[in-house]
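Residue numbers (our numbering): 25 to 763. Worksheet: one structure, shown below.
Rendered as structure tokens:
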């Protein structure tokens with residue numbers, strides 16, 4: 025539902041009232057910081073609570089990190105560089121790519137990345153992240169291939185040389201909080217193995233014909249094993265040593281350079297267990313050793329096998345393998361998880377049924393960087409967004425404040441099917457009268473979703489491509505087409521109101537029953553279907569066409585006017601449909617705004633008009649602003665759309681919706697290439713306007729009393745953490761004072 029508020033009423037309240045200091049905070053929702061955080065997943069670690077931490081990223085945007093799936097609550101805890109700058113800038117390729125995870129005895133989770141190592145205390149969460157690289161440690165800065173925790177508590181890291189950093193073997197000493205580095209060692213897989221009688225070995229292998237090497241902690245010396253029959257050939261995978269010290273490693277045999285999987289005990293003897301059928305090229309895709317002589321292994325045929333200490337059991341094929349399997353783990357309850365790069369998410373095998381469940385951005389995340397239209401459910405506060413994940417995959421998403429629900433072609437039973445021959449939607453609107461959702465699947469006309477029943481109904485009408493929907497105060501659904509057409513759906517027909525031009529924006533009138541405003545590029549219209557107020561661009565000063573639209577009470581609409589590729593002639597117009605007058609603020613006459621053009625988007629309960637601003641090339645003066653008639657506040661966008669932390673992520677705002685919250689409001693924006701951005705604004709509104717409609721009256725008293733009786737946190741008027749008589753007294757005082 026699109027909600028607008030009276031600038032005049034709010035300004036009257038503001039002028040005679042005291043307010044808290046204005047506060048602004050940003051948050052973001054993208055494929056790379058929601059749900060699994062990307063379909064590229066190189067590592068997985070399962071905690072003592074049996075919930076997995078999964079590394080996930082987008083190679084195109086170089087955003088991501090790790091995410092924990094809290095299975096009992098069906099929600100994700102996200103640790104992404106979108107929100108935590110310490111992880112690294114997207115310009116640094118590999119900074120978000122977590123290639124291995126290991127835990128220590130102090131409750132820390134260590135993350136090996138393509139650019140060093142990070143440490144996070146699991147109890148403290150993402151705020152405890154510490155990053156290690158060449159600037160603050162002996163780490164050489166290359167791609168972390170493997171990490172292992174030695175019996176003495178030291179962390180060993182093997183890194184491969186890259187164009188941005190060197191490789192080798194490094195060691196972290198927790199007792200002294202220091203790092204050391206061994207030149208010419210490591211670079212591939214590594215493993216720590218207990219020694220009989222004390223001490224331990226560190227094994228390293230590069231694969232191929234390179235010799236396996238072993239470091240002895242007791243003698244501080246290295247032993248090299250040549251590629252000859254009977255010697256170890258290569259570590260089989262990450263996590264190849266079980267809790268008892270048995271190590272899975274391939275072993276040379278014959279005289280033709282053949283090798284096969286074997287298991288080496290701590291005492292140096294070989295187990296040589298029977299093996300599953302061997303793939304001629306890929307013996308082991310991934311392996312996880314655990315317990316005492318227990319192991320999981322995925323072979324080159326993508327079959328999962330389990331070793332029980334004496335024999336292997338084929339647990340069947342891993343479904344839908346179309347990439348590399350990089351890691352797997354087993355929970356205490358026997359649930360198996362695996363993931364891989366290019367695999368398309370992570371898979372979970374149920375310990376009881378053996379059934380597989382897949383987790384991807386398409387069933388866990390806000391899966392689009394280029395969301396279009398947004399809509400906020402006026403009853404639940406849920407947010408709906410048009411969304412496309414990739415060619416052939418998409419539809420829309422919904423956010424309930426905790427989790428994302430997806431409609432698309434690849435939900436794997438965890439979302440809803442998108443039953444249309446298209447991979448996106450262009451417009452969405454939650455209808456206040458019915459709770460149903462009107463949607464325009466791209467080029468596929470209008471359909472309505474009953475989300476509770478998961479049932480779609482077609483709404484007849486001639487517009488196949490719609491810019492926006494709105495529901496008026498009479499419960500009629502209006503639509504404005506991309507290429508022409510304004511009208512409303514009623515009784516199975518579409519009632520057209522003029523031909524108009526290109527559909528730019530559609531808003532409801534907050535006062536006049538059944539009335540909407542429309543910007544059709546060259547034409548501004550206010551109508552209820554019979555009554556029509558219309559003006560063309562030629563009726564106002566300035567050059568070019570209309571842009572944006574923000575609707576206020578009392579017949580007022582704010583609209584911009586500009587000519588593309590022209591720095592002059594722009595204007596901001598305040599149009600009064602009740603008396604036919606207007607006011608204009610022109611760029612050429614020194615308007616009070618930054619930039620050369622403005623595009624009104626919304627009027628909020630504090631009387632502010634929110635607009636985007638921009639300028640012609642080569643200027644980079646662009647962003648988001650608010651104006652209360654006197655003051656201007658700005659949130660500049662990055663000059664060239666480059667990634668940044670905090671603030672408006674991109675100057676191109678496709679849609680902006682206002683959501684009222686206790687103490688203020690939120691602006692939900694779909695930003696080009698940056699997904700959804702939310703600006704929370706508090707401390708600017710009249711506190712006694714409890715329902716946020718721009719007026720202080722009995723409706724506010726009733727709304728507060730209902731929240732108070734229910735013990736709702738919204739009734740904590742003095743923000744002391746309790747709902748009690750003090751809150752009632754303070755609300756009553758503010759109400760009696762008029763604010």
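Think of the CB as a built atom: it goes at the ideal place given N, C-alpha and C, for glycine as much as any other residue. Note that this is a predicted model, so its numbers are computed, not measured.
Name, in chain order, the residues that DSSP records as bridge partners for residue i.
i	result
residue 362	352 and 371
residue 464	451
residue 692	681 and 702
residue 519	512
residue 218	224
residue 660	647
residue 152	Answer is none; residue 152 lacks a bridge partner.
Does the separation of the CB atoms of residue i and residue j fall below 8 Å?
i	j	result
residue 372	residue 383	yes
residue 764	residue 583	A query on residue 764 cannot be resolved here, the shown segment of the chain reaching from 25 to 763 and no further.
residue 491	residue 505	yes
residue 496	residue 556	no
residue 24	residue 96	Since the first and last residues shown for the chain are 25 and 763, residue 24 lies out of range.
residue 574	residue 595	no
residue 165	residue 180	no
residue 169	residue 161	no
residue 454	residue 534	no
residue 509	residue 499	no
residue 245	residue 237	no
residue 313	residue 278	no
residue 407	residue 692	yes
residue 103	residue 52	no
residue 409	residue 390	yes
residue 251	residue 233	yes
Take the Cβ of residue i as the centre, count every other Cβ of all protein chains shown within 10 Å, and call the residue buried at 16 or more, exposed below.
i	result
residue 305	exposed
residue 110	exposed
residue 215	buried
residue 197	exposed
residue 378	exposed
residue 80	buried
residue 89	buried
residue 286	buried
residue 208	exposed
residue 576	buried
residue 669	exposed
residue 73	exposed
residue 329	buried
residue 757	exposed
residue 566	buried
residue 294	exposed
residue 115	exposed
residue 589	exposed
residue 735	exposed
residue 288	buried
residue 763	buried
residue 68	buried
Could you pull the start and end residues of the beta strand (DSSP E) that residue i belongs to?
i	result
residue 543	540–543
residue 170	167–173
residue 257	256–259
residue 428	428–432
residue 570	569–575
residue 87	87–94
residue 414	407–414
residue 294	Note, residue 294: premise wrong, no beta strand (DSSP E); not H, not E.
residue 767	Here the chain comprises residues numbered 25 to 763, so residue 767 is not present and cannot be evaluated.
residue 493	490–495
residue 181	179–184
Which first and last residues belong to the alpha helix (DSSP H) in which residue i is found?
i	result
residue 386	385–388
residue 268	Residue 268 -> no alpha helix (DSSP H), and no H or E assigned at all.
residue 729	722–733
residue 751	749–760
Using a beta-carbon distance below 8 Å, is residue i in contact with chain D?
i	result
residue 348	Any reference to chain D falls outside this structure, which holds one protein chain only.
Run the proximity test for residue i: is its beta-carbon closer than 7 Å to any non-hydrogen atom belonging to the ligand ZN?
i	result
residue 401	This structure does not include the ligand ZN; it has no bound ligands of any sort.
#### Entry: Three CB pairs or more closer than 8 Å across the stretch 618–634 and the stretch 647–656
yes
### Query
Can you find at least 3 beta carbon pairs, one from the stretch 341–350 and one from the stretch 42–60, that sit closer than 8 Å?
no
### Query
Taking one C-beta from the stretch 667–680 and one from the stretch 688–697 each time, how about it: are there three or more such pairs within less than 8 Å?
yes
### Query
Are three or more beta carbon pairs between the stretch 213–232 and the stretch 133–149 nearer than 8 Å?
no
### Cβ contact (3+ pairs, closer than 8 Å) linking the stretch 418–427 and the stretch 710–724
no
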